[in-house]
Amino acid sequence: MNAPNRFELYVLGDDEKALEITDDTKIPNAATIKVVKQDHTMANMIRAQLLSNEHVLFAGYKVPHPLEPYFLLKVQTDGAVTPTQAFRTACQLLIAQLDSLQREFKREFDLQAINDVDSNQAMASRAGPYGDYGVGPRAGDYADF
């Protein structure tokens, strides 16, 4: 089979760098950033975060080949910040957003676990010798989304 081993798609080799930043000589305030061992998911998140910066004029990416685990990100700024600074800021803001999302997710599931314990106690109190006497979906059921 032509596909590479799966671990080669996300584990950096000893001689590999995660990033390569090359300044563009033809376009002012522009750079091409090669991000290794990542795919469309990371590229699109970074691109969207870059475009939310008022100093970024252009941000786009491409994955040259689906079997090669890297993408090329092109960034052009208005000159107030360098493309490298804009990239760094975008990554920091993205990390902060993902941390916040993770905290919210964990908090929500902790609350769900508390609610499940309460509903299980309530169901146990109305259960008879032959099971639950309730009608319809119970809390925590698949229909309780």
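Count the sequence shown with my numbering and you get residues 1105 to 1249, in order.
Using N, Cα and C, we set each Cβ at its ideal position, and we do this for glycine too.
query: For L1123, write down the residues that DSSP places opposite it in a beta bridge.; result: V1139
query: Classify L1205 as helix, strand or coil using the three-state DSSP reduction.; result: helix
query: Using DSSP with H/G/I as helix, E/B as strand and the rest coil, what is T1129?; result: coil
query: Fully enclosed by the region 1172 to 1216, which beta strand (DSSP E) runs are 3 residues long or longer?; result: 1174 to 1181
query: Between the C-alpha atoms of L1202 and D1128, what's the straight-line distance to the nearest angstrom?; result: 30 Å
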